[in-house]
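The end of the sequence shown is residue 241 by numbering that gives the first Met the number 0, with every number in the run present.
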Amino acid sequence: MRHQPNAADPFALICRALRASTLFAEWPLASVERLAKTARLEQHKKHTQVLAADRERREVLVAVSGCVEVSRTSADGSRFVGILMRAGDCAGLVRLLQEIRAPYDYVVLEDALIVHVPSDALIQILNDEPILWRSVALFALARQRDNAVAMQQRVLSDLSTQLAARIVELLAASAISGASSPGRSLSLSQGKLGSMLGKSRQTINKELGKLSDRGLIAIDYGKIEVLDLPALEALAGSGSSR
């Protein structure tokens, strides 16, 4: 007998979250429900780290709400930010490969509700229903495309363009998580923004000043307010600042 959903039912919430995600959206309901029985739903507070106790735990993460930064930090403190997980996004798919060690950091930027899917349970369902591997392949190809675009932007774009793109991305994440304000502002330190782009706080301060001089943003201590979003989006997608 099919499970009857309830607004306060974690199982029903997990099912809805999986069906709303980019990875599982096309799955049959029965397959989603089978996977949901193996998953768990967890609330993660801002500034905490998901999987902090076991960074290599083999789970696929599906964001229900909030925003989570997926990054890696080297021994010398250099930091690379891969993606920002928002509602419907997935991360950790590489953990389906048992031989891959993936010590990523999942830092919560805005309070997040996340579905934790055990990799082994997911693999079992995929092997039982091989047609479902198609969704994994399409998801992986889309992620590869996004990574290629991001890499090209880092190589071919100047820092103003990269900075504009990051601010636009963070603003979108903030809006989806429900944390945005009418003034389109971000509570974000220049040091944090610098670490996202692999630049010093001083360099970021200089570039933010340029965007401010152009009337695109206003900067204050720990805060960036977007004044002209269309122009900032145009700069972010231009490939070079003009």
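Cβ atoms here follow ideal geometry from the backbone N, Cα and C, with glycine treated the same way.
Item, Value
"3-residue-minimum beta strand (DSSP E) runs that sit fully inside the segment 49–91, ordered along the chain", "58–72, 78–84"
"Sub-7 Å separation of GLU25 and SER118 beta-carbons", "no"
"Secondary structure, alpha helix (DSSP H): runs of 4+ residues fully inside the segment 159–217", "189–196, 200–212"
"Member of LYS45, LYS198, VAL167 whose CA lies at the smallest distance from the CA of GLY236", "VAL167"
"Local conformation of GLN152 per DSSP, three classes", "helix"
"Beta carbon of CYS66 nearer than 7 Å to that of LEU121", "no"
"C-beta contact flag for ALA217 and LEU226 at 7 Å", "yes"
"Expected contact under 8 Å - CB spacing of GLY81 and SER70 to nearest Å", "6 Å"
"Alpha carbon of THR160 to alpha carbon of MET84, nearest angstrom", "22 Å"
"Nearest-angstrom Cα separation, counted from TYR103 out to ARG54", "7 Å"
"Helix, strand or coil at ILE113 according to DSSP, with G and I counted as helix", "strand"
"Segment limits, beta strand (DSSP E) that includes LEU131", "Segment: none, LEU131 is in no beta strand (DSSP E) and carries neither H nor E."
"Buried versus exposed, by CB contacts within 10 Å (16 or more), PRO181", "Legend: pLDDT at PRO181 = 43, less than 50; position of this residue unreliable, no value from coordinates given."
"Under 7 Å between C-beta atoms of GLN243 and LEU155", "Any answer about residue 243 is impossible in this case: the structure gives the chain only from 0 up to 241."
"ASP88 classed as buried or exposed, judged by whether at least 16 other C-beta atoms fall within 10 angstroms", "buried"
"Separation of ASP212 from ILE223, as counted between CA atoms", "14 Å"
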